[in-house]
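Novice: The following block contains the structure, expressed as structure tokens.
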Amino acid sequence: MTNPAFVPFELEHYQSLYERTVAYNLADSSVKCVTTREWLNEDEIERVLDTGLFYPEVNGTTLLRESIASLYPNATAANILVTVGASQANAMVCETLLSPGDEVVVMTPGYRQVWGTAQNMGCVVRDLPLRADNNWRIDLAALDTVITPRTKLVAIVNPNNPTGTILTAHEMRALVNACARVGAWLHVDEVYHGTEHAGEAPTPTFWGMYDRLICTNSLSKAYGLSGLRIGWAITTPLMADELWRRHEYAVIAAAAPSMTMAEIALVPAKRQMLLARQKMITQAGMVEMRAWLQTQAGRFSLGPTQATSIAFVRVHHDASSYHVAEHIRQTVNVLVAPGSTLGVEGHLRITVGYEAEKVRNALRLIGQAVATLPR
Ligand SMILES: Cc1ncc(COP(=O)(O)O)c(C=O)c1O
């Protein structure tokens, strides 16, 4: 390792080591993705084939930026930067806003991209806890102690990966007020918008609630199109320009064929079809998960969930979550994500966003493996 202090992205690294070789991969965080053949009609396929392979518009095609802007109240194409997945948008946020020594507050448990990137940039990172003993609601009492005048950036994921928590209007307002009190920027990763479970209202966006705000999103989770690698940031035109300056260094532009397909995905009828597909897969998978939990003699538990195709399952065993995940992988060849890679011990992140039969078979194997885990 060239820099021994480098903080690796443990979750992504663990997945990339094993996801192609295990019999069942339930460490993912989106639903089973579509194939290009499956979701495009002949005219749309022709349109993709006609896409010129010169460098595309660097900040995203005008049509795509307009389509994205139309998803938000009072936004225009000038508010949008199209990126290579939400990951690149998140990286641009860190690169634009952070300097060594800055304090950054990150929702925990959570997707650890900003958490690790900020540390690698020499920042001091503090956790903003979601409380396990309160069904993963945000700890509002912690806002005033964790967010201080030294806080440069507050980074949250809503709905949250891995807990699926959706912030209430009251919690959203409290977060914005805490940022406004100290002049901190607020970064809201909204990639799980549109993954709400049956009976949950659509997650409201933070867009429009605060002036120092950057929301990021992508087509990876709710739309099942992670292979397109298309994401975006929405912010003020001035900040969108700043992000764009860094984007030119990082990747120049997102891929042209992907942007054509993203334009098609956001046509209202197509968008509804993709969202409905994702929700149907998740709903069926969650039924499998609940049924399986009933058969596990109290070895696992899961509270009520609000969104995402992920279950953040508590494992009632003293071993570390990494040890449990490795035991499962090595004994039954099923991949799940250790809670430690998301900032909390004692849990496994298990995706249910696949065919019900696949989820059922993989869960049965996980049950077998954990039943044989020495105490
Ligand atoms: C909260 C969160 N943000 C961003 C990403 C990366 O998404 P993308 O595929 O859009 O780069 C993930 C992927 O798991 C995620 O969970």
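Just so it is clear: in the sequence shown, position 238 is 1067 by my numbering, and no numbers are missing.
We put the CB at the ideal spot given by N, CA and C, even for glycine.
1) Just mark Val-1161 as buried or exposed, buried being the case when its beta carbon has 16 or more other beta carbons within 10 Å.
2) Nearest-angstrom Cα distance between Leu-1192 and Gln-1125?
3) Quick one: does the C-beta of Gly-1060 sit closer than 7 angstroms to a heavy atom of ligand 1?
4) Can you find the residues in the same chain that come closer than 6 angstroms, C-beta to C-beta, to Asp-968, ignoring five residues on each side of it along the sequence?
5) Keeping to the same chain, check which residues put their C-beta closer than 7 angstroms to that of Tyr-901; ignore five residues upstream and five downstream.
6) Going straight from the alpha carbon of Glu-1019 to that of Gln-1101, what length do you get?
7) Run the proximity test for Gln-844: is its beta-carbon closer than 7 angstroms to any non-hydrogen atom belonging to ligand 1?
8) Under a three-way DSSP split, which group does Met-1001 fall into?
9) Any heavy atom of ligand 1 closer than 7 angstroms to the beta-carbon of Val-943?
10) Quick one: what does DSSP say Asp-1029 is sitting in, helix, strand or coil?
11) Tell me the start and end of each unbroken alpha helix (DSSP H) in the stretch 898 to 942 that is at least 4 residues and wholly inside, in chain order.
12) Under three-state DSSP, which class holds Trp-965?
13) Where does the unbroken alpha helix (DSSP H) through Pro-1086 begin, and where does it stop?
14) With DSSP collapsed to three states, give me the class of Ala-1178.
15) Would you check whether ligand 1 has a heavy atom nearer than 7 angstroms to the C-beta of Val-1011?
16) Find out if the Cβ-Cβ distance for the pair Met-921, Leu-1072 is shorter than 8 angstroms.
17) Can you give the Cα-Cα distance for Leu-855 and Ser-1087, rounded to whole angstroms?
18) How many Å lie between Leu-1004 and Gly-1012 at the Cα?
19) Say the cut is 7 angstroms; is the CB of Tyr-1183 nearer than that to a heavy atom of ligand 1?
20) Please go through the same chain and pick out, in chain order, the residues whose beta-carbon is closer than 7 angstroms to the beta-carbon of Asn-964, but skip the five residues on each side of it.
21) Would you tell me roughly how many angstroms separate the C-alpha atoms of Thr-1180 and Thr-1170, rounded to the nearest one?
22) By the 10 Å Cβ neighbour count, where 16 or more other Cβ atoms means buried, how is Arg-1119 classified, buried or exposed?
23) Out of curiosity, what's the CA-to-CA distance linking Ala-1051 and Gln-1112?
Specialist: Working from what's here:
1) Under this definition Val-1161 is a buried residue.
2) Each residue's alpha carbon lies about 10 angstroms from the other.
3) Yes - ligand 1 has a heavy atom lying nearer than 7 angstroms to the Cβ of Gly-1060.
4) Its chain contains Pro-958 and Arg-960 as the residues whose beta carbon lies nearer than 6 angstroms to that of Asp-968, once the 5 sequence neighbours on both sides are disregarded; these appear in chain order.
5) Within the same chain, Tyr-901 has close Cβ partners Thr-1034, Trp-1036 and Ile-1063.
6) Cα to Cα, Glu-1019 sits roughly 18 angstroms from Gln-1101.
7) Checking the Cβ of Gln-844 against ligand 1 gives no.
8) When secondary structure is reduced to three states using DSSP, Met-1001 falls in the helix class.
9) Here the distance from the Cβ of Val-943 to the nearest heavy atom of ligand 1 is not below 7 angstroms.
10) In the sequence as displayed, the identity of residue 1029 is Glu instead of Asp. In the three-state scheme derived from DSSP, where H, G and I count as helix and E and B as strand, Glu-1029 is classed as coil.
11) Whole alpha helix (DSSP H) segments, 4+ residues: 914 to 926.
12) In the structure shown, the three-state DSSP call for Trp-965 is coil.
13) Counting along the chain, the alpha helix (DSSP H) containing Pro-1086 begins and ends at 1085 to 1094.
14) One detail in the question is off: residue 1178 reads as Arg in this sequence, not Ala. Of the three classes helix, strand and coil, the one that applies to Arg-1178 here is strand, per DSSP.
15) In terms of side-chain proximity, the C-beta atom of Val-1011 is found no nearer than 7 angstroms to any non-hydrogen atom of ligand 1.
16) Result yes, Cβ atoms of Met-921 and Leu-1072 sit closer than 8 angstroms.
17) Those two C-alpha atoms are separated by around 26 angstroms.
18) Using only the alpha carbons, I get a separation of about 12 angstroms.
19) Incorrect: Tyr-1183 has no Cβ contact closer than 7 angstroms to ligand 1.
20) Counting only Cβ-Cβ distances below 7 angstroms, and skipping sequence neighbours, we find Gly-1132 and Pro-1133.
21) Looking at the two C-alpha atoms, the distance is approximately 15 angstroms.
22) Arg-1119 is exposed by the Cβ-count criterion.
23) Computed Cα separation, rounded: 13 angstroms.
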